[in-house]
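Beneath this line is the structure, given in structure tokens, with notes to follow.
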Amino acid sequence: MTKNAFNFDAVPAFAPFQSMFADANERSQDLVKRSQKVAGELADLARANVEAVVEAGRVASEGARSIGQDVVAKQRNSFEQAADAIRTLAEAKSPTEYLQLQGDFARASFDRAVAETSKLTESLVKLAGEAFQPLSNRASANAERFNTLVA
1 MTKNAFNFDA VPAFAPFQSM FADANERSQD LVKRSQKVAG ELADLARANV
51 EAVVEAGRVA SEGARSIGQD VVAKQRNSFE QAADAIRTLA EAKSPTEYLQ
101 LQGDFARASF DRAVAETSKL TESLVKLAGE AFQPLSNRAS ANAERFNTLV
151 A
């Protein structure tokens, strides 16, 4: 013991305070350790969240590119069919045949447009689900992790 140090053990009235401060010190150290652990867990969660967003973006980008390529191919096919229809209309022998061919072409074009729109809608809905899946998985994992952190 140094010269200027006060011996708290010598005064019985200080014993409860010493015990109280020792307990408070112990609790604060425990709280700091837990806080550091939680901060590390939250950093891991944030990193995983960013990875999920990146994955969702990748899936959406690849899907959009694929859908775009399909749309371009269908449009190209549609232009070819329109050119064929124009050739066929030009070869019509009578106005009645011309109107019949034009009606057939219009019905076929409408049916094709409805079918392609339906397929495009299905593709977009499927893509949205696939792109959202990493985010959904991450949200579930975050909820489970937060429950364990709070408990």
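Residue numbers (this note's numbering): 1 to 151.
We treat Cβ as the ideally placed atom computed from N, Cα and C, and that holds for glycine.
Within 10 angstroms of its Cβ, does residue i collect 16 or more other Cβ (buried), or is it exposed?
{"i": "Ala131", "result": "buried"}
{"i": "Ala52", "result": "buried"}
{"i": "Ala46", "result": "exposed"}
{"i": "Arg138", "result": "buried"}
{"i": "Ala113", "result": "exposed"}
{"i": "Gln29", "result": "exposed"}
Have a look at residue i and residue j and give me their C-alpha separation to the nearest angstrom.
{"i": "Lys119", "j": "Leu89", "result": "29 Å"}
{"i": "Ala24", "j": "Phe17", "result": "10 Å"}
{"i": "Met1", "j": "Phe21", "result": "Because Met1 carries a pLDDT of 47, less than 50, the predicted location of this residue cannot be relied on, and the following value inherits that uncertainty. Between Met1 and Phe21, the C-alpha separation is close to 20 Å."}
{"i": "Glu55", "j": "Val125", "result": "18 Å"}
{"i": "Gln75", "j": "Ser66", "result": "14 Å"}
{"i": "Leu101", "j": "Asn77", "result": "19 Å"}
{"i": "Arg58", "j": "Ser123", "result": "16 Å"}
{"i": "Gly103", "j": "Gly129", "result": "39 Å"}
{"i": "Tyr98", "j": "Arg87", "result": "11 Å"}
{"i": "Ser136", "j": "Arg34", "result": "28 Å"}
{"i": "Pro134", "j": "Thr121", "result": "21 Å"}
{"i": "Asn49", "j": "Leu127", "result": "20 Å"}
{"i": "Val71", "j": "Glu80", "result": "14 Å"}
{"i": "Ala115", "j": "Gln69", "result": "17 Å"}
Compute the minimum distance between the beta carbon of residue i and the heavy atoms of the ligand GTP, and state whether it is under 7 Å.
{"i": "Leu89", "result": "The ligand GTP is absent from the structure shown, which contains no ligands of any kind."}
Which class does residue i belong to by DSSP, given the choice of helix, strand or coil?
{"i": "Glu144", "result": "helix"}
{"i": "Ala92", "result": "coil"}
{"i": "Met1", "result": "Unreliable positioning characterises Met1 in this predicted model, as indicated by a pLDDT of 47, which lies under 50. The coordinate reading is nonetheless provided below. Reduced to three states, the DSSP call for Met1 is coil."}
Item to complete: Take every Cβ of the stretch 101–113, pair it with every Cβ of the stretch 58–70, and state whether three or more of those distances are shorter than 8 Å.
Response: no
Worksheet item: Are the stretch 138–149 and the stretch 32–51 in contact at 8 Å, needing three or more beta carbon pairs?
Response: yes
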